[in-house]
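Novice:
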Amino acid sequence: MAKRRRYLIISDIHANEEALSAVLRSVSRRRYEAIICLGDLIGYGASPNKVTERIRKLDNLKIIRGNHDKVMENEVYMSNFNNSAKIAVKWTKENLEKNNLEYIASLPKGPLEIEEGVIMCHGSPIDEDYYLFSEFDAYQVFERFNFNICFFGHTHYPCIFAQTEAGIVFKNLRGDYYEEVLKKDCRYLINPGSIGQPRDRNPLASFAEYYPETRRFVLRRIPYDINKAAQKILKAKLPENLAHRLRLGT
Ligand SMILES: [Fe+2]
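Residues 7 to 256, numbered by this note's numbering, are exactly what the sequence shown covers, in order.
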């Protein structure tokens with residue numbers, strides 16, 4: 007039987023150790039060609055060291071920085087952050103151990119190629135800070151970049167934009183499980199959702215898998231100890247809304 011390769015795709019962990027651990031536990035028996043991490047390891051959550059250490063230890067990791075990782079290198083990138091995010095940046099910088107801070111600050115900028123025709127980025131291949139929300143945003147990316155599939159993060163909303171003969175088709179990936187065989191004659195922009203701070207009113211951790219030989223894409227949502235992650239945020243005296251939003255998935 008031909009070898010079936012599989013990628014794990016994770017994004018926007020945001021220093022949420024409980025969510026990351028639950029996801030890694032749920033896939034611990036699976037072998038991956040590579041683990042694709044679309045950035046934002048830290049920011050908002052109270053476990054930046056634990057999360058950074060877990061990520062650093064992963065085998066076959068392909069990783070790029072997110073906007074929250076980027077500000078660890080230089081706070082000048084923080085100008086468009088809201089107040090809670092700014093407080094979290096300051097707290098994270100004070101609490102990250104030196105070697106973890108250096109690791110985060112040295113993460114490469116996307117886009118990166120995963121394999122032929124498949125790329126990864128944080129916000130958009132045009133700009134890592136750019137939010138890909140609309141069909142028009144997707145259209146601009148499809149026009150400017152030559153890829154078949156691009157995995158992106160940043161918005162924390164699991165979704166698919168497909169460029170078809172009939173135009174761009176948007177799919178909001180609702181529910182706790184979704185799978186689709188991607189068509190060979192379409193192009194795709196795919197967001198696996200956020201592990202550590204989902205914003206689509208579903209508080210479960212979100213991640214995805216992709217099988218390049220069969221073009222099968224699978225999105226999963228799994229429960230984790232939200233209370234523990236939220237309590238840690240409150241105990242760290244980070245803004246309270248960062249704890250509450252985990253429970254709400256907003
Ligand atoms: Fe993020």
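Each residue gets a CB set at the ideal place from its N, CA and C atoms; glycine is no exception. Note that the structure is a prediction, hence the values are computed from the model and not measured.
Report all residues for which the CB-ligand distance to some heavy atom of ligand 1 is below 5 Å; order them along the chain.
Specialist: Asp18 and Asp46
Novice: So, for Ser32: in the same chain, excluding its five sequence neighbours on each side, which residues have a beta-carbon less than 7 Å away from its beta-carbon?
Specialist: Indexing the sequence shown from 1 puts residue 32 at position 26. Excluding positions up to five away in sequence, the list reads Ile228.
Novice: Going by Cα to Cα distance, which pick from Pro198, Ile155, Asn247 and Ala236 is closest to Asn88?
Specialist: Here residue 88 corresponds to residue number 82 of the sequence shown, with the count starting at 1. Measuring from the Cα of Asn88, the nearest candidate turns out to be Asn247.
Novice: Along the chain, where does the beta strand (DSSP E) containing Ser212 start, and where does it finish?
Specialist: Taking the sequence shown and counting its residues from 1, one reaches residue 212 at position 206. From DSSP, the beta strand (DSSP E) with Ser212 extends over Ala211 to Tyr217.
Novice: Compute the Euclidean distance between the alpha carbons of Asp231 and Val29, then round it to the nearest angstrom.
Specialist: Translated into the one-based positions of the sequence shown, residue 231 becomes position 225. Translated into the one-based positions of the sequence shown, residue 29 becomes position 23. Straight-line Cα distance between these residues: approximately 11 Å.
Novice: Is DSSP giving Phe151 helix, strand or coil here?
Specialist: Reading the sequence shown from its first residue, position 145 is the one you call residue 151. Under the three-state reduction of DSSP, Phe151 is assigned to coil, being neither helix nor strand.
Novice: Leaving aside the five residues before and after Val187 along the sequence, list all residues of the same chain whose C-beta is less than 8 Å from its C-beta, in chain order.
Specialist: As a working note, residue 187 is residue 181 in the sequence shown. These residues qualify, in order along the chain: Thr220, Arg221, Arg222 and Phe223.
Novice: At the level of alpha carbons, what is the spacing between Pro209 and Thr256?
Specialist: Counting from 1 along the sequence shown, the entry for residue 209 is found at position 203. Counting from 1 along the sequence shown, the entry for residue 256 is found at position 250. Roughly 8 Å separates the two Cα atoms.
Novice: At a cut of 8 Å, does the region 100 to 114 reach the region 144 to 151 through at least three beta carbon pairs?
Specialist: no
Novice: Just curious, the beta strand (DSSP E) that Ile125 is in, first and last residue?
Specialist: Position 119 of the sequence shown holds residue 125. Val124 to Met126 is the extent of the beta strand (DSSP E) around Ile125.
Novice: On the DSSP bridge list, what partners appear for Arg193?
Specialist: For the purposes of this step, residue 193 is identified with residue 187 of the sequence shown, where counting begins at 1. In the DSSP output, where bridge partners are listed per residue, Arg193 has Gln169.
Novice: Looking at the unbroken alpha helix (DSSP H) that takes in Arg31, where does it start and where does it end?
Specialist: By one-based count along the sequence shown, residue 31 stands at place 25. Residues Glu23 to Ser32.
Novice: Who are Lys68's beta bridge partners in DSSP?
Specialist: Locating residue 68 in the sequence shown gives position 62, counting from the first residue. In DSSP, Lys68 forms a bridge with Ile42.
Novice: Report yes if the CB atom of Ile70 is closer than 9 Å to the CB atom of Gly45, and no otherwise.
Specialist: The sequence position of residue 70 within the sequence shown is 64, counting from 1. The sequence position of residue 45 within the sequence shown is 39, counting from 1. The answer is yes: Cβ separation under 9 Å.
Novice: In terms of DSSP beta bridges, what is Val175 paired with?
Specialist: For the purposes of this step, residue 175 is taken as the residue at position 169 of the sequence shown. Looking at the DSSP output, Val175 shares a beta bridge with Ala168.
Novice: From Ile42 to Arg253, what distance separates their C-alpha atoms?
Specialist: Residue mapping note: residue 42 aligns to position 36 of the sequence shown, counting from 1. Residue mapping note: residue 253 aligns to position 247 of the sequence shown, counting from 1. Their Cα atoms are separated by approximately 26 Å.
Novice: Contact check, Ile110 vs Leu118 under 8 Å by CB: the rounded distance?
Specialist: Residue 110 sits at position 104 when you count from the first residue of the sequence shown. Residue 118 sits at position 112 when you count from the first residue of the sequence shown. Rounded, the Cβ-Cβ distance is 17 Å, inconsistent with contact.
Novice: Looking at the secondary structure, which residues open and close the alpha helix (DSSP H) in which Ile132 lies?
Specialist: On the sequence shown, position 126 is the one that residue 132 refers to. Ile132 -> no alpha helix (DSSP H), and no H or E assigned at all.
Novice: List the endpoints of the continuous alpha helix (DSSP H) containing Lys16.
Specialist: The residue you call residue 16 lines up with position 10 of the sequence shown. This sequence places Ile at residue 16; Lys is not what is there. It is not in any alpha helix (DSSP H) - Ile16 instead sits in the beta strand (DSSP E) that spans Tyr13 to Ile16.
Novice: When DSSP builds the beta bridges, which residues end up paired with Leu225?
Specialist: The residue given as residue 225 occupies position 219 in the sequence shown. Looking at the DSSP assignment, Leu225 forms a beta bridge with Tyr184 and Ala214.
Novice: Between Val175 and the rest of its own chain, which residues show a CB-CB distance below 7 Å, the 5 nearest in sequence each way excluded?
Specialist: In the sequence shown, residue 175 corresponds to position 169, counting from 1. Result list for Val175: Ala168, in chain order.
Novice: Looking only at its chain, what residues have a beta carbon closer than 7 Å to the beta carbon of Tyr137, apart from the 5 residues adjacent to it on each side?
Specialist: To locate residue 137, count along the sequence shown from 1; it is residue 131. Same-chain partners within the cutoff: Gly129, His160 and Thr161.
Novice: With a threshold of 16 other CB atoms inside 10 Å of the CB of His20, please say whether the residue is buried or exposed.
Specialist: Along the sequence shown, one-based indexing puts residue 20 at 14. Result: buried.
Novice: Lys76: buried (16+ other C-beta within 10 angstroms of its C-beta) or exposed?
Specialist: Within the sequence shown, residue 76 is the residue found at index 70, counting from 1. Classification for Lys76: buried.
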